[in-house]
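Below is one structure, written out as structure tokens; comments come after it.
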Amino acid sequence: MRKVLVAILLVAAVVFALGFKVIMVTDVGGLGDKSFNDGTWEGALRAAKEIGAEAQVIQSYEQADYIPNLTKAAQQADVVFAVGFMMTDALFKVAKQFPNTYFVGIDITPPEGQTLPNVVCYIFKEEQAGFYAGYIAAAMTSTGKIGFVGGIPIPPVERFRYGFEVGARIYSTLHKKKVEILRGYTNDFEDPKKGKDLTLAQYAQGADIVFLAAGACGNGGIEAAKEKMVALVGSDKLVDIIDYYTKNKKGYFAIGVDVDQDYMAPGVVLCSATKGISSAGYYGVKAAWEGTFEGGLKILGIKEDGAGVSPMKYTKGMIPNIVIAELEYLTKLIKDGKIVIPDTEDKLKAFQVPSITFPF
Amino acid sequence: MSSKLWAFVVPIVSVIIALLISSIVIVLIGQNPIVAYTALFRGAFGSKLAIASVVIKSTPLILTGLAVGFGFRAGLFNIGAEGQMVMGAMIGTAFAINVAWMPAVFAIPLTMVVGMIAGAGYAAIAGFLKAKTGAHEVVTTIMLNWIAEYLSSYVVTVPMGVGFGTPKSPEIANSTKLPPLITVQATELTSGIIVAIIAAIVIYIILEKTTKGYELKGTGFNPYAAEYGGIKISQNIVLAMAISGALAGLAGTLEVMGVHHRFLGTLSGGKGFDGISIALIGQNHPIGIIFAALLMGSLRTGSNEMQFAGVPKHIILIVQAIIIFLVAADRIVRTMFIRKKKVKVS
Amino acid sequence: MEKAVELIQIVKRFPGVLANDHVDLTVFKGEIHSIVGENGAGKTTLMNQLYGLLRPDSGEIRIFGQKVNFKGPRDAIAKGIGMVHQHFMLVNTLTVAENVVLGSETTRGIIFDLKEAQRKVEKLSKSYGLQIDPTAKIENLPVGMQQRVEIIKTLYRGAEILILDEPTAVLTPQETQELFSILRKLKESGKTIIFISHKLNEVMDISDRITVMRQGKVTGVLNKNETNVKEIARLMVGREIVFTVQKPQAKASDVVLRVENLWVKDYRKLDAVKGVSFEVKKGEIYGIAGVAGNGQSELVEALTGLRKPEKGKIFLLGEDVTGKPVKELRERGMTHIPEDRHKYGLILQYPAYYNMILGRHYVPPFARGDFLDQKKIQEFTAQVFSQFDVRPNNIKMLGMNFSGGNQQKLVVAREMSAKPKLIVVSQPTRGLDVGATEFIHKALIELRDTGVAVLLISMELDEIMSLSDRIAVMYNGQIMGEVDPQQTTIEEIGLMMAGHKFEEVRRF
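Protein chains in written order, with this note's numbering: chain A, 1 to 360; chain B, 1 to 346; chain C, 1 to 508.
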């Protein structure tokens, strides 16, 4: 009898787990953006596998699809992911209708005064990730010019830029190196062509390192960097690029965004300013499954693994050790709150580089 | 076969052939086409929500289809419906934000008129350039599209931008929101569809019953003969572009008033370009365009449901492409048929 | 004599039309045989069956006595039949030799042997006196030369029987004479030629025998030496044709159109009309003769509002209308039969009843306010159709589906029924058969007699001579002189057309 009971319980557990369903609704960028749609999906999938839940992704064709897609997802799933700031309105409209379904918004800030117990939103301290990009770019530039290519100038993109500018400013003050920053926006997150064109334009203006905070547009920027670098080096092999750089101390580089994009062009992508998107995806599912789900806004920074820099797997050989060491020290200062990277335009303007003395 | 019957048969047969061909693709990616198409059908017509979604999606498509189709009838290839739609939505929104004091009876029609004027004015630029300098409208409207796109990105981020996250304008005044016909959960089917159908009827009357329609179509068929007949070509080019643009502008305004309730940077989502395919499938006939838009709307709505059956939504792009191909091929066949008949008579 | 072609009781039906009604045709080897008939008599249909483009519903085709059953032109070519179409089937960017061998290229192995092709074409050209350079590009050749390329093409494929479908329609008189001498050479070398035309003078010039068709039937087979133009015309039309237009003396009165020192530029911005002055009076036909391209088209366009004149004045009924738009001129009572009915005269995609109101579509009774009155329009069109005998009597048929002659009737009917005070008529009978031509000539005279001023511009000297009450001759944008048709000769006008001033001509 007890055996039967155990068996029933086991079956019930499995059935229950099977019945637990995660659906992610992408924004119009869709899967394959090598950025936050892919990142969220990776994290959600990892969590779903661990708990044996079913996971599915629904892609949106246009903005008018958000509401119907979220509605359909909510009818079927236990956890619904809405990815991307574009879905803010739709997410809150639909979530109101389905109080028993958990919703996770990635890169979404709740509209003022709207918090729902069944909706958790994750945003990231992009400025902290951007800081790394700016510091490394300033350290590595041989022309004294670095570029920023943004998508649509929405807050997350702008926060990347604030951090990027501050990072560059800190390096330039500490090391007395003059660094100029070029800025441009593609006004788009989908078309790689636009990212490529803008990146090439900045190279033409003298920049040699461009930070791409433009979603899938950035993929085109990486392509541009690769083309320029290959033309310079005469090979796309990592060894040749490193050799060339060591000898000549110059090259064309891109800096990736959101997730570790270094692999997309080894040696050419200097580093990536990463957001903890996939951990947000992961914790969203886990929290719902474990019953620890808590509505509201969660801002993830360096401390919470919500912002950082890629391990620079391919480019470590090119970046001087001293720069890496300095970054380690600065990271600690940021974590301790001794340096606050600005997250608004006003704070950026008011930012003064504090006096920093490295202990080495 | 009579040409009227033919006009119905061709698109329907095209849809069937397109679904059959696409089913091969579905089999190739390892899915069951019957399951996929059942989901497609259910997603488009299986529930109140589905039907509401179809109508919501079709409304702007009817209007952009009319915009392009009307242009075609007057001999103009308006590729700029996209930009005109954005301008209509943007300026319509700017108006609608500021008229909270106005009762809905006035605010709703006025907002539509403002949006239409914006689209009409924007399209008239291309018409004017063609009439005065001969600059081809395909080139100028494409350029105007980019201007509209970048202008709108700027507007929603700087002068009209609000809040965090999405680049968006503030919400429009309540008095300018279209009253919903049906509300299913978060989905509101608004009266925009009625406006779109009225627009189609008005366009039909203009084209078929009025002297202006006679002149516009005549200019489209043979501008030389039109000029010979005392029709002022340049005036008609500007007018035709303006009417076309007004329809596209209305499409954008209705999206704001009925669906999004605010202006968003990427609001049009390519619907202006979809108008070209829809005009083609609807054979530039206002009533045909309504059906073509509903067809496209139901395919797209259904395709979202198809994703739940594990079939990527992109299949529907294949279906759409094949339909357009077949409808266009029918045109070619018919043109050849007509030419053959002419040979026989001589 | 050996029979090259025998068509026996050929029947070909199209929906609603019996195009060939038990047609018999015999063509002997080595003769030039003309087939004449009005537009729509079934000549082209018959030839398309002989060339394998169409298959007869019943009847028999024999080539050199042997019964054949063609499935397509390839079969016909294999039996030695070649056809030169009215519209040439040549690739403009290729050379003569390349065009000739296209589809049956000479090869060495799998390599195209251009040299061999050129040599063969040269040989053919020499032996028939075609004088054509095998290496010339088609686009650089005049129309007459292009036609010769078509002829060589058929010869190259071994044609013994050549069908030429209205070959002279596109040629100048001089080119026509050259073509005829080529045809005679081909005949001498034993080729058989079938010549399709409705220009009776040419037919009388070139043929040995003539088959006349009317409404799908053969109405006569004639020996050239035993017949005359009048007889052929009667068989073609089914009644006597009056070649000399009968008309009462004109009662010209007030000046309707006055043109003073008019200068007009053409589309290349070159002066095309250089200081032309004349008057057209109520109740007369004022003819302007001249070789094509001497500024007539630009003059007409300037008069009718389609082109702005550079300087000079145009007065209509005493009022200055220089540079006024078409609409205003029409409202003031000027109508216009244009020289190019496809380009200007008709909207081919519109039904006949819509074409019938072009230019007056916005005025009552055709419009009520901003709306078209479909009923009134159709009633009016039906009435005009019967008055002008437009066929078929189907006012809903699209403009493009009418035959050339009936399209012209549509235009003529529209412009005449608009109750004009002045009608500008340009090339009214170009490309029309005798019957339609006669009809339009009569209508113009009738219009004149009701007190309308008629300005007639034509390249056909016969037309000008027989219709006009006064004749001006245009050369190089200027009027060489004005003559009274009763007191002048073709020779005098011919000299003026060649650029001699009237005063010089009279001195000769």
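For each residue, glycine too, the CB sits at the ideal point set by N, CA and C.
Contact list for C:Phe388 against chain B, beta-carbon separation under 8 Å:
Position 388 of the third sequence, counted from the first residue, corresponds to residue 388 of chain C. Within 8 Å Cβ-Cβ: nothing; C:Phe388 doesn't reach chain B, min ~19 Å.
Bridge-paired residues (DSSP) for C:Gln378
Sequence index remark: in the third sequence, residue 378 of chain C carries index 378 (1-based). Residue pairing by DSSP places C:Gln378 opposite no residue, since no beta bridge is assigned to it.
Cα-Cα separation between A:Ile58 and A:Asp38, rounded to whole angstroms:
Start at 1 with the first residue of the first sequence, and residue 58 of chain A comes out as number 58. Start at 1 with the first residue of the first sequence, and residue 38 of chain A comes out as number 38. Roughly 12 Å separates the two Cα atoms.
Taking just the CA atoms, how far does A:Lys335 sit from A:Asp343?
Sequence index remark: in the first sequence, residue 343 of chain A carries index 343 (1-based). Sequence index remark: in the first sequence, residue 335 of chain A carries index 335 (1-based). Near 15 Å, if we compare the C-alpha coordinates of A:Lys335 and A:Asp343.
Simplified DSSP assignment, three categories, for B:Met1
By 1-based counting over the second sequence, the position of residue 1 of chain B is 1. In this prediction, B:Met1 scores a pLDDT of 45, lower than 50, which makes its location untrustworthy; the coordinate-derived value is nonetheless stated afterwards. Coil, per DSSP.
Can you list, in chain order, the residues of its chain whose CB lies under 6 Å from that of A:Gln202, leaving out five sequence neighbours each side?
Counting from one through the first sequence, the residue named residue 202 of chain A turns up at place 202. Contacts found: Gly147, Leu182, Val210.
Short Cβ contact (8 Å threshold) for C:Gly345 with C:Val425:
In the third sequence, residue 345 of chain C corresponds to position 345, counting from 1. In the third sequence, residue 425 of chain C corresponds to position 425, counting from 1. No, they are not a contact pair.
Under 9 Å between beta-carbons, which chain B residues line up against A:Gln56? List them in chain order, please.
The residue labelled residue 56 of chain A in the question sits at position 56 within the first sequence. Those within 9 Å of A:Gln56 in chain B are Gln307, Phe308, Gly310.
A:Pro192, buried or exposed, once every other Cβ within 10 Å from all chains shown has been counted against 16:
Start at 1 with the first residue of the first sequence, and residue 192 of chain A comes out as number 192. A:Pro192 should be labelled buried.
Identified DSSP bridge partners for C:Gln478:
In the third sequence, the residue the question calls residue 478 of chain C occupies position 478. Paired residues: C:Tyr475.
Spell out the partners DSSP gives A:Cys271 in its beta bridges.
Here residue 271 of chain A is taken as the residue at index 271 of the first sequence, counted from 1. Bridge partners of A:Cys271 according to DSSP: A:Ile255.
Cβ-based burial, B:Leu280 [other Cβ within 10 Å; buried from 16]:
Numbered from 1 along the second sequence, position 280 holds the residue referred to as residue 280 of chain B. Result: buried.
Please list, in chain order, the chain A residues whose beta carbon lies closer than 8 Å to that of B:Val259.
The residue you call residue 259 of chain B lines up with position 259 of the second sequence. Ala64, listed in chain order.
Okay, do the stretch 267-274 of chain C and the stretch 325-344 of chain C touch, 3+ Cβ pairs below 8 Å being the bar?
Counting Cβ pairs under 8 Å, fewer than three are found: no touch.
So, is the C-beta of A:Gln202 closer than 8 Å to a C-beta in chain B?
Residue mapping note: residue 202 of chain A aligns to position 202 of the first sequence, counting from 1. So no, A:Gln202 is outside the interface.
Does any residue of chain B have a CB that is nearer than 8 Å to the CB of C:Gly333?
Taking the first residue of the third sequence as position 1, residue 333 of chain C is located at position 333. Interface with chain B (8 Å Cβ-Cβ cutoff): C:Gly333 is excluded.
What three-state label does DSSP hand B:His314 in the structure shown?
Residue numbering aside, residue 314 of chain B sits at position 314 when the second sequence is read from its first letter. DSSP, reduced to helix, strand and coil, places B:His314 within a helical segment of the structure shown.
Would you kindly check if the distance between the Cβ of A:Gly144 and the Cβ of A:Lys178 is under 8 Å?
The residue labelled residue 178 of chain A in the question sits at position 178 within the first sequence. The residue labelled residue 144 of chain A in the question sits at position 144 within the first sequence. In this structure, A:Lys178 sits near A:Gly144, with a CB-CB distance shorter than 8 Å.
Would you call the stretch 374-389 of chain C and the stretch 222-241 of chain B in contact, with 3 or more CB pairs under 8 Å?
Too few Cβ pairs lie closer than 8 Å, so no.
Below 8 Å between beta carbons is the criterion; list the residues of the stretch 64-94 of chain B that meet it against any residue of chain A, in chain order.
Answer set for the stretch 64-94 of chain B: empty.
Residues that B:Lys209 contacts on chain C, provided the C-beta gap is smaller than 7 Å
To locate residue 209 of chain B, count along the second sequence from 1; it is residue 209. Under the 7 Å cutoff, chain C gives Phe371, Leu372.
Limits of the unbroken alpha helix (DSSP H) element including A:Phe351
Position 351 of the first sequence holds residue 351 of chain A. Element bounds for A:Phe351: n/a, residue is neither H nor E.
Proximity test, Cβ basis, 8 Å: B:Ser191 and chain A:
Position 191 of the second sequence holds residue 191 of chain B. Chain A contact via Cβ: absent.
Which term fits A:Pro359, buried or exposed, when burial requires 16 or more other beta carbons within 10 angstroms of its beta carbon?
Taking the first residue of the first sequence as 1, we reach residue 359 of chain A at position 359. Classification of A:Pro359: exposed, given that the 10 Å Cβ count is below 16.
How about C:Gly404 and C:Gly435: are their beta carbons less than 8 Å apart?
Sequence index remark: in the third sequence, residue 404 of chain C carries index 404 (1-based). Sequence index remark: in the third sequence, residue 435 of chain C carries index 435 (1-based). Their beta carbons are not under 8 Å apart, which means C:Gly404 does not touch C:Gly435 by this criterion.
Under 8 Å between C-beta atoms, does B:Asn222 make it to chain C?
If you number the second sequence from 1, residue 222 of chain B lands on position 222. In terms of beta-carbon proximity, B:Asn222 lines the interface with chain C, with at least one pair separated by less than 8 Å.
Straight-line Cα distance separating C:Leu25 from C:Phe112:
Within the third sequence, numbered from 1, the residue matching residue 112 of chain C stands at position 112. Within the third sequence, numbered from 1, the residue matching residue 25 of chain C stands at position 25. Their Cα atoms are separated by approximately 41 Å.
DSSP three-state assignment for A:Gln59, whether helix, strand or coil
Within the first sequence, numbered from 1, the residue matching residue 59 of chain A stands at position 59. Three-state result, A:Gln59: coil.
In chain C, what lies closer than 7 Å to B:Lys212 by C-beta?
Stepping through the second sequence from its first residue, residue 212 of chain B is reached at position 212. Ordered by position in chain C, the residues that pass the 7 Å Cβ test against B:Lys212 are Asp370.
Report whether the distance from the Cβ of B:Gly218 to the nearest heavy atom of the ligand ZN is below 7 Å.
As far as ligands go, the structure on display features none, and thus does not contain the ligand ZN.
Which residues of chain B have a Cβ atom closer than 7 Å to the Cβ of A:Thr71, listed in chain order?
Counting from 1 along the first sequence, the entry for residue 71 of chain A is found at position 71. Per Cβ cutoff of 7 Å: Leu49, Gln185, Ala186, Thr187.
Excluding the 5 residues flanking A:Arg159 on each side, which residues of the same chain have their C-beta closer than 6 Å to its C-beta?
Position 159 of the first sequence, counting from 1, holds the residue named residue 159 of chain A. Glu126, Glu127, Asp343.
Under the three-state reduction of DSSP, which class applies to C:Thr450: helix, strand or coil?
Start at 1 with the first residue of the third sequence, and residue 450 of chain C comes out as number 450. Note: C:Thr450 maps to coil in three-state DSSP.
Bridge-paired residues (DSSP) for C:Ala66:
Counted from its first residue, the third sequence places residue 66 of chain C at position 66. Just to set this straight, residue 66 of chain C is Gln in the shown sequence, not Ala. C:Gln66 is bridged by DSSP to C:Ile63.
Residue-chain proximity (C:Ile423, chain B), Cβ-Cβ < 8 Å
Sequence index remark: in the third sequence, residue 423 of chain C carries index 423 (1-based). Answer no: the Cβ-Cβ gap between C:Ile423 and chain B never drops below 8 Å.
Assuming A:Lys313 contacts A:Asp262 under a Cβ cut-off of 8 Å, what Cβ separation, rounded to an integer in Å, is found between them?
As a position in the first sequence, residue 313 of chain A is number 313, starting the count at 1. As a position in the first sequence, residue 262 of chain A is number 262, starting the count at 1. A:Lys313 to A:Asp262, Cβ: 6 Å. Contact.
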